[in-house]
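What follows is a set of notes on a single structure, which appears directly below.
Number of protein chains: 2
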Amino acid sequence: MDQLKRNERIGAIMYILTSRPNEIFTYNYFSKMFNVKKPSISGDISIMKEIAKKLDIGKIETIPGANGGVKFLPKSRKGETEILLEDLCRRLSDGERIIPGGFIYMMDILYTPSIIRNIGKIFANEFNHKNIDYVVTVETKGIPIALMTADILNVPLIVIRKNTKITEGPTVNINYVSGSTKVIQTMSLSKKVLKEGSKVLVIDDFMKAGGTIKGINDMMNEFNAEVVGVGIFVSTKSPEKKLVDDYISLIQLEAVDEQNGKIYLKSNFEYLEQFK
Amino acid sequence: MDQLKRNERIGAIMYILTSRPNEIFTYNYFSKMFNVKKPSISGDISIMKEIAKKLDIGKIETIPGANGGVKFLPKSRKGETEILLEDLCRRLSDGERIIPGGFIYMMDILYTPSIIRNIGKIFANEFNHKNIDYVVTVETKGIPIALMTADILNVPLIVIRKNTKITEGPTVNINYVSGSTKVIQTMSLSKKVLKEGSKVLVIDDFMKAGGTIKGINDMMNEFNAEVVGVGIFVSTKSPEKKLVDDYISLIQLEAVDEQNGKIYLKSNFEYLEQFK
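Just so you know, the sequences run in chain order A and B. Its first residue numbered 1, the first sequence is counted upward by one per residue in the UniProt record's numbering. Its first residue numbered 1, the second sequence is counted upward by one per residue in the UniProt record's numbering.
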């Protein structure tokens, strides 16, 4: 490549780092790519750290040592996250979203990339220090937020199926009881999908009693994998006693008043560790 | 915000543009954010266009007029895409991936963000000129590549369910015949998910005879939506006559030799319009 001016090089490195979050790039990689000495790259990285700090867009981290280099973890700004969660509460509280049975329609939000990218950022920052190997979810509606989280953490996603599918080869199946409906269901996961001893982060869109999440925990036990965190987009206030204890939810569904067409939601922003 | 130096500002604008693909930002937005006059921003954008060209990472496009501004569409490099597709063919041709019935195990690839981000880029660039309103897929394995495509195009994703779910409210249901197994199945989509007259891009992971894609076409007809493109990750060579004519697939599955544990695949790189 032609030699770039410093400001061109900064734009270029910024793009590479931020478009592949949590991936480590060596100084050597950039040094070769731009045909300049390592101290110049080092200077560029310092400027970029300054930019990330001033804009409050995340952390550019330098990893020392032979396998060292530099990586970027994007973060949502505190103020913007607070507004985002409040805005989502407002949008989700629209009475027309009520679905008989105490559910609320959330698909438009769960499937809009610009929104769930931010949700993924929140989960990634909440659990980034746990050395996660995989993000795990169960089909279907939680897949997009789980994928966005996996994308930012730079780890593979694993999707547990609700029934055995012929296109996935040998599977491990477990039965679980939905905590709210008491119905016995089956979940299924391909045997070769997960390495033994992995650390996994469980992400899902909705939790009532926690039966599904408990089922995922049981499934992970079968694979000798450790669940190091659980992130839920919306959890219900009732039942207060869930089948899992340790989880983070972004929004609490306090009540659905079907008769009067009212939904009551509360942002859990204040409980997020990353903004404390 | 404190006044940034030009190279800091370039790094910052580069981040904002590239982390929110296909979103239009006005010069005014940046001018206010960085507290500098519009001609300076205009100069920054020119430098960034130069960077995008030199690095071959996509197009920074200026939109004139009152609603104008600047946006970024990321693109995979020609050489890298050619290598990526060949590498995927090689990895997918591992005999251990054979699943009885002529299927191949692809989950590890379909659920790895760093791979499917590139696949999303390929599809987005192939169909970007079609003014797409939504990306549509059917659950489950196609969701991640469909979401990545939707993310880059900056449009919502729509996921058709294989059965009616109580948590989605009133739905439109259609029956379709799987072209390869001849089994009648049902697909279901929430009534309120799609605006009439929309243009949609259909994305899926695998196509044999095309029965599922034809089902999606029929479903879109019910919503008076127009299918303006179909992108498939892997399509089979046989049957040669599919139930849909107009599609792009990235990889062709030529044959699965179950007896000898061999899979034959071919990259369709040469048919991609964006690299012609």
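Don't be surprised by glycine CBs; every beta carbon is placed ideally from N, CA and C.
- In its chain, beyond the 5 residues on either side, I13 and I41 have a beta carbon closer than 7 Å to the beta carbon of B/F30.
- With contacts defined as CB atoms closer than 9 Å, A/Y247 and A/G210 qualify as a contacting pair.
- When DSSP states are grouped into helix, strand and coil, A/V183 belongs to the coil group.
- By the 16-neighbour rule on beta-carbons within 10 angstroms, B/K38 is exposed.
- Look at A/Y15: its C-beta is under 9 Å from a C-beta on chain B.
- The Cβ atoms of A/L201 and A/I132 sit closer than 9 Å to each other.
- B/S188 places its beta carbon less than 9 Å from that of B/N163.
- When CB distances to chain A are screened at a threshold of 7 Å, the residues of the stretch 42-68 of chain B falling below it are I47, M48, E50, I51, K54, L55 and I57, in chain order.
- Contact annotation, B/I122 with B/S76: C-beta distance approximately 6 Å; criterion of less than 8 Å satisfied.
- B/L85 places its beta carbon 9 Å or farther from that of B/G120.
- Comparing alpha carbon positions, the residue from A/R90, A/N22 and A/V36 closest to A/N28 is A/V36.
- Under DSSP, B/F223 shares a beta bridge with no residue.
- In the three-state DSSP reduction, B/G69 falls in the strand class (E or B).
- In the three-state scheme derived from DSSP, where H, G and I count as helix and E and B as strand, A/M48 is classed as helix.
- Listed in chain order, the non-local C-beta contacts of A/E196 below 8 Å within the same chain comprise F223, N224 and A225, local neighbours out to five positions each way being set aside.
- The shortest C-alpha to C-alpha distance from A/V256 to any of A/I160, A/T18, A/P100 and A/P170 is the one to A/P100.
- In terms of Cβ geometry, A/D151 and B/R117 form a close pair [threshold 9 Å].
- Chain-order list of chain A residues neighbouring B/M187: empty, with the shortest C-beta distance near 13 Å, by a criterion of under 9 Å.
- Against chain A, the beta carbon of B/A150 has neighbours under 7 Å at P113, listed in chain order.
- Taking a C-beta distance under 9 Å as the contact criterion, A/I232 and A/L88 do not qualify as a contact pair.
- Partner residues in a beta bridge of B/N7, as assigned by DSSP, do not exist.
- At a beta-carbon threshold of 8 Å, none of the residues of chain B lie near A/V202; the nearest stands roughly 15 Å away.
- B/E273 has a beta carbon lying at 9 Å or more from every beta carbon in chain A.
- Close to A/R77, with beta-carbon spacing below 9 Å, lies no residue of chain B; the smallest spacing is near 12 Å.
- Between B/G102 and B/E258, the gap from beta carbon to beta carbon is short of 9 Å.
- For A/I160, the number of other beta carbons within 10 angstroms of its own is at least 16, and it is reported as buried.
- Boundaries of the beta strand (DSSP E) around A/G58: G58 to I63.
- With respect to B/V136, B/I263 sits apart: the two C-beta atoms are not nearer than 9 Å.
- Taken atom to atom, the span from the alpha-carbon of B/F206 to that of B/K266 is near 14 Å.
- Contact of A/M207 with chain B by beta-carbon distance below 9 Å is absent, the smallest such distance being about 13 Å.
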